[in-house]
Amino acid sequence: QELMGAEALGAAPREDVPFTDRRVCRDYLGGLCTHTLFTNTRMDLGPCPKIHSEKLKEEYEQARKERDFGYDDELERSLERFVRDCDRRIESARRRLEKPADEISGPPPAQLKEISDYATEIATLIDEVEKLGENGRVDEAIRLHGKAEEITALKARREEEIRHRNPPNLSGQEQKLRACDICGAFLSILDSDSRLADHFGGKLHLGYESVRNRLKQLRETRGSRRL
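With UniProt numbering, the residue at position 161 of the sequence shown is 161, and numbering never jumps.
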């Protein structure tokens, strides 16, 4: 049984947990937990705090043949919020790219300081985790490591937001940028085929593509149920 969250950090797994337990990730049961899509990217959401179990997923797939648990509706709402946030960033990026080059500036100092403060806090926590580990204080080290991961994920999200709001201050042909319709990343019409291939095959783009495709499937399934 694959477990995540507290169980993954060493707590004893609960073999008797049913798939209906609120500690089980319903998005995972529904086929797509966004926590697993963006690992080690700027949109890394950190580990899912709920249980991921292939065994429970199989039990759910069997049970849903006899009863609608409403998990697809929950997943649809979750993915809709995720897509709305992405679409807002894309629209903001497009509006910014429409401005003349001399109106485009880099990130405000306050935003740069915010990112710097996050980096300092993360470094301090990691240093403390290492010291606690050396002294055998494992529980405290695990707690602080979890806090460091949370701040790292927050820092990544803020960096992504800032990047979308502040495209590179370029001029001339280099300013021929556009925002990707799927993930919102900045692309240049001058990008080479290999660079574009790297983008479209990258984890960030593929993650957002998976979200949009799964949301489309859920909407189509819901529509067919009503016919």
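For each residue, glycine too, the CB sits at the ideal point set by N, CA and C.
Output the distance between the C-alpha atoms of E174 and L190, rounded to the nearest integer angstrom.
Start at 1 with the first residue of the sequence shown, and residue 174 comes out as number 174. Start at 1 with the first residue of the sequence shown, and residue 190 comes out as number 190. Bear in mind that the predicted position of E174 carries a pLDDT of just 42, short of 50, making it too unreliable to give a figure here.
From the DSSP secondary-structure annotation, give me the bridge partner or partners of S224.
Numbered from 1 along the sequence shown, position 224 holds the residue referred to as residue 224. Paired residues: none, contrary to the question.
Identify the continuous alpha helix (DSSP H) that holds R77 and give its terminal residues.
Here residue 77 refers to the residue found at position 77 of the sequence shown. Start and end: Y71 to L97.
Enumerate in chain order the residues of its own chain whose CB-to-CB distance from R195 is below 6 angstroms, with the five nearest sequence positions on each side excluded.
In the sequence shown, residue 195 corresponds to position 195, counting from 1. Once the five neighbours on either side are set aside, R195 has no close Cβ partner at all.
So what does DSSP say about I182, is it helix, strand or coil?
Reading the sequence shown from its first residue, position 182 is the one you call residue 182. Looking at I182 - three-state DSSP - the assignment turns out to be coil, as it is neither helix nor strand.
Indicate the three-state DSSP secondary structure (helix, strand or coil) for S192 in the structure shown.
On the sequence shown, position 192 is the one that residue 192 refers to. Coil at S192, not helix or strand.
Evaluate the contact criterion for the region 34 to 52 versus the region 65 to 76: three or more CB pairs, one atom per stretch, below 8 angstroms.
With a cut-off of 8 angstroms, the region 65 to 76 and the region 34 to 52 do not count as touching, because too few Cβ pairs lie within range.
Starting from the C-beta of G223, find all residues in its chain whose C-beta is less than 8 angstroms away, skip the five residues before and the five after it, and write them out in chain order.
Within the sequence shown, numbered from 1, the residue matching residue 223 stands at position 223. Within the same chain, G223 has no close Cβ partners at all.
Quick check on L125: does DSSP put it in helix, strand or coil?
Translated into the one-based positions of the sequence shown, residue 125 becomes position 125. Correct three-state label for L125: helix.
Excluding sequence positions up to five away, which residues of its chain have a Cβ less than 6 angstroms from the Cβ of D102?
Looking up residue 102 in the sequence shown gives position 102. The predicted position of D102 is uncertain, since its pLDDT is 49 and thus under 50; a value taken from the coordinates is nonetheless stated next. Excluding sequence neighbours, D102 sits near nothing in its chain.
By Cβ distance, which residues of its chain are closer than 6 angstroms to L218, with the 5 residues on each side in sequence left out?
Translated into the one-based positions of the sequence shown, residue 218 becomes position 218. Closer than 6 angstroms at Cβ, skipping near neighbours: D72 and E76.
Counting pairs of Cβ atoms below 8 angstroms between the region 108 to 124 and the region 150 to 162, do you hit three or more?
yes
Report the rounded CA-to-CA distance for R214 versus L32, giving the unit in angstroms.
Here residue 214 is taken as the residue at index 214 of the sequence shown, counted from 1. Here residue 32 is taken as the residue at index 32 of the sequence shown, counted from 1. Answer to the nearest angstrom: the Cα atoms are 8 angstroms apart.
Rounded to a whole number of angstroms, what is the C-alpha to C-alpha distance between R95 and G146?
As a first step, residue 95 must be located in the sequence shown, where it is residue number 95. As a first step, residue 146 must be located in the sequence shown, where it is residue number 146. Taking the straight line from one Cα to the other gives about 37 angstroms.
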